[in-house]
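Using our numbering, you'd call the opening residue of the sequence shown number 9 and step up by one each time.
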Amino acid sequence: MKNYFLLEVGVEELPSRFVESTLTQIKENLEKALKENRVEFKDIEKYGTPRRLTFVINNISDRQSDLEEELKGPSKKISVDADGNFTKPALGFMKSKGLNEADVYFKQVGKDEYLFGTLKQEGQATSEVLKEIVPAAIKGVTFPKAMHWGGKNMKFARPIRWMVALLNDEVLPVNLEGIIASNVTRGHRFLGRKEIEVFSIEDYFKELSKNYVVLDQNVRKEAIKSQAEEVAKSLGGEVEIEDDLLEEITYLVEYPTAFYGEFNKDYVKLPKEVVTTPMKEHQRYFPVSKDGKLLPYFIAVRNGDKHGIETVKAGNEKVLEARLADALFFYDEDIKKPLESYVENLKTVVFQAKLGTVYDKTLRIEKLAADIINSLDEKEALNDALRAAKLCKADLVTNMVFEFTELQGVMGREYAKVGGENDAVAEAIFEHYLPRFAGDILPQTQAGVALSIADKLDSIAGFFAIGIKPSGSQDPYALRRQALGILSILLDQKLDINLEQLVSDALNNYDHLTFDKAEVTSQIMDFFTERVKNLFKDLGIRYDVIDAVLSSNLNSIADIHTRAVELNNWLQKEELVEMLTAFNRVSTLAEKAETDKVDEASLKEDAEIKLNDGFKEIKAQVEGFLANKEYNKALDAFASIKPLVDNLFDNVMIMDKDEAVKANRLGLLKQIYDTMLTICDLSKIVYK
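The following block contains the structure:
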């Protein structure tokens with residue numbers, strides 16, 4: 009039988025959002041510790057439920073591999089004195105590495121000799137290593153919120169109640185601050201046995217299954233999904249399953265049983281989100297629909313079997329009924345007056361102490377949205393954008409959004425429609441919050457695009473202006489997410505828009521604040537540059553290509569992305585190395601030029617005359633291709649200058665003794681380099 013190690017950490021029910029991250033952290037901690045301790049293994053499997061975190065290390069070796077490591081110390085000049093005795097630095101080196109004088113020797117390295125020693129250490133039994141690294145792997149987990157319990161020094165999301173540790177069917181008594189691992193696990197809290205003795209890994213999985221624990225989260229997830237689909241089918245509809253909710257429910261149960269409940273048909277007349285939000289966000293239910301229309305059913309998942317399921321069904325229906333009754337009441341109260349009537353109340357809601365109220369923010373959004381619409385020459389959308397800007401935050405002070413904050417924007421759209429606003433205005437109110445999270449949908453209407461960019465850029469500009477910027481992992485106002493949202497919209501819509509000008513327009517709306525506009529603009533553009541790099545890397549673009557296309561400016565994100573994609577493809581050319589070598593020489597010398605002026609009458613050598621004449625033709629071609637955004641052709645055209653550049657370097661001394669001649673030749677190279685920068689900076693490309 010191949011060696012294995014089984015570890016189960018039994019806990020009080022973990023919050024579902026912590027389970028996957030805790031599994032991943034402990035697994036990574038174990039992998040790192042095993043490698044550092046020279047213990048070989050094949051892989052680590054991880055399984056999790058609300059009550060247990062289980063790890064199986066497959067094909068783990070019996071012992072650590074022996075260590076033999078050559079260590080370098082100080083030079084011989086420093087290591088021995090005039091009498092040939094070891095000095096304090098040498099003795100300190102030996103003591104720190106656990107070496108004796110008999111273990112060290114001198115070895116030539118370059119021109120000098122250095123003190124060396126060979127550290128030898130026989131590998132321990134794997135069982136001894138595991139006793140050390142397992143507690144450390146568990147203690148090394150970090151949580152947004154953790155707790156002490158039972159007088160222990162360690163912190164965990166919930167108290168740890170038991171551990172199982174088997175090394176090849178033998179109990180390994182790992183000690184976690186007094187919690188001693190054994191071979192005793194526990195079944196389902198209500199359906200299984202309280203103590204279950206297991207004698208092997210096979211026995212462990214079999215006993216848990218008999219005691220109503222579906223250990224594998226992937227199996228549980230598929231069971232929940234298939235059961236929910238089957239129940240919905242029996243109701244004549246289809247279940248609406250969102251991945252995030254499915255994963256959350258997976259980590260709420262150990263033995264899933266899906267069932268359906270009913271609610272009053274009158275609630276179906278409400279906007280769909282009004283009904284489904286309490287279901288999903290508050291009760292963790294799946295909605296049921298047919299042809300996109302909501303049916304008066306929900307599907308819930310019980311942590312247990314079907315025993316007494318009717319009682320459970322009735323209890324869940326009662327809870328949802330109360331939620332939906334509240335929602336209906338709030339909705340009816342809110343629509344008694346038009347959405348515009350709520351705008352005045354925004355004056356009492358503080359956006360940020362130094363940046364004013366939410367009402368102030370809507371005025372800034374209105375101005376900036378108008379600037380965006382005008383810059384895009386989409387004037388037919390201007391009136392809709394301005395109207396939507398005025399109303400976009402009004403739903404924040406409605407009863408419904410106060411109770412269900414997840415519905416901001418959604419209720420704004422619904423109330424706008426009820427109040428007689430046109431579809432473009434209503435949709436823009438909803439879209440101005442998009443994207444709300446990674447992978448979310450993006451705004452598609454002209455007014456929605458303008459409002460979304462304006463809302464996010466206003467926040468970024470305001471917070472930077474008062475000195476509040478993301479640092480490290482700290483980003484309390486989600487400015488990174490908002491910047492990424494802006495970039496995603498610009499790419500999705502392929503908008504040819506000057507980002508730096510938009511930043512300047514956004515900062516102009518904060519003229520009541522005192523700040524250095526040029527400095528803040530620079531900071532914001534640097535902030536966006538870092539977001540662009542991360543976004544492009546996620547899109548599969550080489551890091552050096554990103555640096556190359558960002559060297560000129562960060563005006564049109566869509567244009568830069570197009571350049572990056574085409575450069576990424578262009579770099580597959582076979583003659584790339586020779587090409588880039590030549591252009592690197594051009595860029596290196598061009599940096600020494602004080603001017604790009606060229607006196608053609610002073611060009612005397614045949615190679616420089618030919619380069620100057622050829623460059624003028626090639627530059628015209630490059631400019632033509634750039635005007636049509638044909639970057640691949642522009643690169644090919646520019647690359648055609650390589651033979652003329654090589655001829656110059658082979659036959660002409662650039663750094664001539666005559667300062668005028670040298671300056672003239674450097675000016676020509678600077679013109680070539682500057683033309684290259686209009687496409688990208690090829691000197692940034694890494695090649696071998």
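Yeah, the Cβ is synthetic: ideal placement off N, Cα and C, and Gly gets one too. In this text the structure is predicted, and so the values were computed from the model without any measurement.
Fill in: DSSP three-state assignment for lysine 80, whether helix, strand or coil
Here residue 80 refers to the residue found at position 72 when the sequence shown is read from its first residue. Look at lysine 80 here: in three-state DSSP terms it is strand.
Worksheet item: Does the Cβ of histidine 156 have 16 or more other Cβ atoms within 10 Å, making it buried, or fewer, making it exposed?
Response: Start at 1 with the first residue of the sequence shown, and residue 156 comes out as number 148. Looking at its Cβ environment, which holds fewer than 16 other Cβ atoms inside 10 Å, histidine 156 is exposed.
Fill in: N- and C-terminal bounds of the beta strand (DSSP E) containing tyrosine 12
Here residue 12 refers to the residue found at position 4 of the sequence shown. First-last of the beta strand (DSSP E) with tyrosine 12: 12 to 19.
Item to complete: Given a cut-off of 7 angstroms, decide if lysine 375 and phenylalanine 359 are closer than it, judged by their beta-carbon atoms.
Response: As a first step, residue 359 must be located in the sequence shown, where it is residue number 351. As a first step, residue 375 must be located in the sequence shown, where it is residue number 367. Here phenylalanine 359 is not near lysine 375, since their CB atoms are 7 angstroms or more apart.
Worksheet item: Given a threshold of 16 other Cβ atoms within 10 Å of its Cβ, counted over all protein chains shown, does methionine 9 qualify as buried or as exposed?
Response: Against the sequence shown, residue 9 aligns to sequence position 1. With a pLDDT of 48 at methionine 9, under the threshold of 50, the predicted position of this residue should be treated as unreliable, though the coordinate-derived value follows. Exposed, because fewer than 16 other Cβ atoms sit within 10 Å of the Cβ of methionine 9.
Worksheet item: Where DSSP assigns a beta bridge to lysine 301, which residues make up the other side?
Response: Walking along the sequence shown from the start, residue 301 turns up at place 293. Note: lysine 301 is bridge-paired with Lys298 in the DSSP secondary-structure output.
Practice prompt. Drop a sphere of 10 angstroms on the beta-carbon of lysine 581, count the other beta-carbons inside from all chains shown, and report buried for 16 or more, exposed for fewer.
Written response: Here residue 581 is taken as the residue at index 573 of the sequence shown, counted from 1. So lysine 581 ends up on the exposed side.
Worksheet item: Using DSSP with H/G/I as helix, E/B as strand and the rest coil, what is phenylalanine 151?
Response: Mapped onto the sequence shown, residue 151 falls at position 143. The three-state secondary structure of phenylalanine 151, taken from DSSP, is coil.
Fill in: Residue burial classification, lysine 288 (beta-carbon count within 10 angstroms, cutoff 16)
The residue you call residue 288 lines up with position 280 of the sequence shown. Per the 10 Å Cβ criterion, buried.
Discussion item. As a quick exercise: from Lys147, Ala165, Phe591, pick the residue whose alpha carbon is nearest that of aspartate 689.
Written reply: For the purposes of this step, residue 689 is taken as residue 681 along the sequence shown, with counting starting at 1. Selection Lys147, Ala165, Phe591 evaluated against aspartate 689 yields Phe591 as nearest (Cα-Cα).
Worksheet entry | Element boundaries [alpha helix (DSSP H), containing aspartate 500] | Residue numbering aside, residue 500 sits at position 492 when the sequence shown is read from its first letter. Going by DSSP, aspartate 500 is part of the alpha helix (DSSP H) stretching over 487 to 501.
Worksheet entry | Bridge partner(s) assigned by DSSP for tyrosine 268 | Within the sequence shown, the letter at position 260 stands for residue 268. DSSP lists Ile307 as partners of tyrosine 268.
Fill in: Beta-carbon proximity of threonine 406 to aspartate 342, cut-off 7 angstroms
Along the sequence shown, read from residue 1 onward, the residue named residue 406 stands at position 398. Along the sequence shown, read from residue 1 onward, the residue named residue 342 stands at position 334. Less than 7 angstroms divides the Cβ of threonine 406 from the Cβ of aspartate 342.
Worksheet item: What distance in whole Å lies between the Cβ atoms of asparagine 659 and aspartate 607, which are believed to be in contact at a cut-off of 8 angstroms?
Response: As a working mapping, residue 607 is identified with position 599 in the sequence shown. As a working mapping, residue 659 is identified with position 651 in the sequence shown. The pair is not a contact, with the Cβ atoms about 20 angstroms apart (cut-off 8 angstroms).
Discussion item. Would leucine 415 and threonine 284 qualify as a contact pair, given that the criterion is a beta-carbon distance under 7 angstroms?
Written reply: Counting from 1 along the sequence shown, the entry for residue 415 is found at position 407. Counting from 1 along the sequence shown, the entry for residue 284 is found at position 276. If you check the CB distance, leucine 415 and threonine 284 do not come in under 7 angstroms.
Practice prompt. In angstroms with no decimal places, state the Cα-to-Cα distance between valine 23 and glutamate 256.
Written response: Numbered from its first residue, the sequence shown carries residue 23 at position 15. Numbered from its first residue, the sequence shown carries residue 256 at position 248. With the sequence shown as reference, residue 23 is identified as proline, and valine is not the correct amino acid for it. Rounded to the nearest angstrom, the two C-alpha atoms are 9 angstroms apart.
Worksheet entry | With 16 other Cβ atoms within 10 Å as the buried cut-off, status of glutamate 185 | Within the sequence shown, residue 185 is the residue found at index 177, counting from 1. So glutamate 185 ends up on the exposed side.
Practice prompt. Have a look at lysine 596 and lysine 650 and give me their C-alpha separation to the nearest angstrom.
Written response: Translated into positions along the sequence shown, residue 596 becomes position 588. Translated into positions along the sequence shown, residue 650 becomes position 642. This sequence places threonine at residue 596; lysine is not what is there. Approximately 15 angstroms between the Cα atoms of the pair.
Worksheet item: Any heavy atom of the ligand ADP within a distance shorter than 6 angstroms of the CB on proline 23?
Response: This structure lacks the ligand ADP; in fact it carries no ligand of any kind.
Worksheet item: Which runs of the alpha helix (DSSP H) spanning at least 4 residues fall entirely within the segment 560 to 585, listed in chain order?
Response: Taken in chain order, the whole alpha helix (DSSP H) runs of length 4 or more contained in the segment 560 to 585 are 565 to 578.
Practice prompt. Less than 8 angstroms between the CB atoms is what I'm expecting for glutamate 51 and asparagine 37, so what's the real figure, rounded?
Written response: Position 43 of the sequence shown holds residue 51. Position 29 of the sequence shown holds residue 37. Checking the displayed sequence, the identity of residue 51 turns out to be aspartate instead of glutamate. Cβ atoms of aspartate 51 and asparagine 37 stay farther apart than 8 angstroms, at about 15 angstroms.
Worksheet item: Identify the residues that DSSP records as bridge partners of valine 115: which are they?
Response: On the sequence shown, position 107 is the one that residue 115 refers to. It should be noted that the sequence gives lysine, not valine, for residue 115. Looking at the DSSP output, lysine 115 bridges to Tyr122.
Discussion item. Short of 6 angstroms in beta carbon distance, which residues of its chain neighbour tyrosine 275, apart from the five on each side in sequence? Order them along the chain.
Written reply: Translated into positions along the sequence shown, residue 275 becomes position 267. Scanning its chain for C-beta atoms nearer than 6 angstroms, with the 5 sequence neighbours on each side dropped, one finds around tyrosine 275 the residues Val283, Leu332, in chain order.
Worksheet item: Can you name, in chain order, every residue of its own chain whose Cβ lies under 6 angstroms from the Cβ of glutamate 613, other than the five neighbours on each side?
Response: Locating residue 613 in the sequence shown gives position 605, where the first residue counts as 1. So the qualifying residues of the chain are Val660.
Discussion item. Taking only three categories from DSSP, how would you classify arginine 169?
Written reply: Here the question's residue 169 lines up with position 161 in the sequence shown. It is a strand residue.
Discussion item. Are the CB atoms of alanine 642 and isoleucine 687 within a distance shorter than 7 angstroms?
Written reply: Walking along the sequence shown from the start, residue 687 turns up at place 679. Walking along the sequence shown from the start, residue 642 turns up at place 634. Less than 7 angstroms separates the beta-carbon of isoleucine 687 from that of alanine 642.
Worksheet item: What number of angstroms, rounded off, separates the C-alpha of glutamate 21 from the C-alpha of serine 481?
Response: The residue labelled residue 21 in the question sits at position 13 within the sequence shown. The residue labelled residue 481 in the question sits at position 473 within the sequence shown. Rounded to the nearest angstrom, the two C-alpha atoms are 28 angstroms apart.
Discussion item. Please state whether the Cβ-Cβ distance between isoleucine 34 and alanine 144 is less than 7 angstroms.
Written reply: The residue labelled residue 34 in the question sits at position 26 within the sequence shown. The residue labelled residue 144 in the question sits at position 136 within the sequence shown. Judged by their CB atoms, isoleucine 34 and alanine 144 are not nearer to each other than the 7 angstroms cut-off.
Discussion item. Going by DSSP, what residue range makes up the beta strand (DSSP E) through glutamine 629?
Written reply: Position 621 of the sequence shown holds residue 629. Glutamine 629 -> not in any beta strand (DSSP E); alpha helix (DSSP H) instead, spanning 614 to 635.
Worksheet item: Are the CB atoms of leucine 652 and glycine 622 nearer to each other than 7 angstroms?
Response: As a first step, residue 652 must be located in the sequence shown, where it is residue number 644. As a first step, residue 622 must be located in the sequence shown, where it is residue number 614. Closer than 7 angstroms, so yes.
Worksheet item: What does isoleucine 188 pair with, by DSSP beta-bridge criteria?
Response: Sequence index remark: in the sequence shown, residue 188 carries index 180 (1-based). Within the DSSP secondary-structure output, isoleucine 188 pairs in a beta bridge with Asn183.
Worksheet entry | Which listed residue (Phe338, Asp340, Leu260, Leu347) has its alpha carbon closest to that of asparagine 311 | In the sequence shown, the residue the question calls residue 311 occupies position 303. Just measuring C-alpha positions, the residue of Phe338, Asp340, Leu260, Leu347 sitting nearest asparagine 311 is Leu260.
Discussion item. Within a Cβ cutoff of 8 angstroms, which residues of the same chain sit near leucine 674, ignoring the five residues on either side of it in sequence?
Written reply: Here residue 674 is taken as the residue at index 666 of the sequence shown, counted from 1. Exclusion of the five residues before and after leucine 674 leaves Leu597, Ala598, Lys600, Ala601, Glu602, Ile662 as the residues of its chain whose Cβ lies within less than 8 angstroms of its Cβ.
Worksheet item: Start and end of the alpha helix (DSSP H) containing glutamine 225?
Response: Position 217 of the sequence shown, counted from the first residue, corresponds to residue 225. Its alpha helix (DSSP H) spans residues 225 to 242.
Worksheet item: Which residues does DSSP pair with threonine 62 in a beta bridge?
Response: Here residue 62 refers to the residue found at position 54 of the sequence shown. DSSP output for threonine 62 lists Glu16, Tyr55 as bridge partner(s).
Worksheet entry | Residue environment, valine 64, which counts as buried when at least 16 other CB atoms sit within 10 Å | Within the sequence shown, residue 64 is the residue found at index 56, counting from 1. Its Cβ being crowded by 16 or more others within 10 Å, valine 64 is buried.
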